[in-house]
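**Q** Here it is, the structure, as structure tokens.
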Amino acid sequence: MPASKSVINLTQIAARAVAEKLGTDMIALDLSDQMVLSEVFLIATGGNVRQVDSIADFVEEKLREIGEKPARVEGTGQWILLDYSDLVVHIQSKELRSYYMLDRLWNDCPKIELDLK
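The C-terminal residue of the sequence shown carries number 584 in the working numbering, and the numbering is unbroken.
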């Protein structure tokens, strides 16, 4: 069963926030058919530590505007994880993105097309 429409909507809002703060290499993965707790991973890259922080803050702000608060926030600097239960947003530096390769780890999951308009 694919990710729910409400989670895809949250993903789109978060993706637009990432894009507005110039995050790059964004990908949304539908994990709903896997044995994981979340339906979607949104993965993005920030150019430096300040940008990673700025992107994370803006995603939180935009989702808070529609009544969503993260269950937890982890990391600082090069990797920040925003956990909204069914949506987990990973914002990583280029170095950590290359090292951990989350997109490759979950490459058998369907991708969600992002509407960044």
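Note that the Cβ used here is the ideal one computed from N, Cα and C, for glycine as well.
For the structure I just gave you, are there three or more beta carbon pairs, one from the stretch 510-519 and one from the stretch 546-562, closer than 8 Å?
**A** yes
**Q** So what does DSSP say about Asp550, is it helix, strand or coil?
**A** The sequence position of residue 550 within the sequence shown is 83, counting from 1. Reduced to three states, the DSSP call for Asp550 is strand.
**Q** Residues in the same chain with beta-carbon distance under 7 Å from Leu498, minus the five sequence neighbours each way, listed in chain order, please.
**A** Here residue 498 is taken as the residue at index 31 of the sequence shown, counted from 1. Cβ within range, chain order: Ser505, Glu506, Val507, Phe508, Trp573, Cys576.
**Q** Applying the 10 Å Cβ sphere with the 16-neighbour rule, what's the burial state of Val526?
**A** Start at 1 with the first residue of the sequence shown, and residue 526 comes out as number 59. Val526 is buried by the Cβ-count criterion.
**Q** In angstroms, rounded to a whole number, what distance separates the CA positions of Ser565 and Asp492?
**A** Here residue 565 is taken as the residue at index 98 of the sequence shown, counted from 1. Here residue 492 is taken as the residue at index 25 of the sequence shown, counted from 1. Ser565 and Asp492: Cα-Cα distance of roughly 11 Å.
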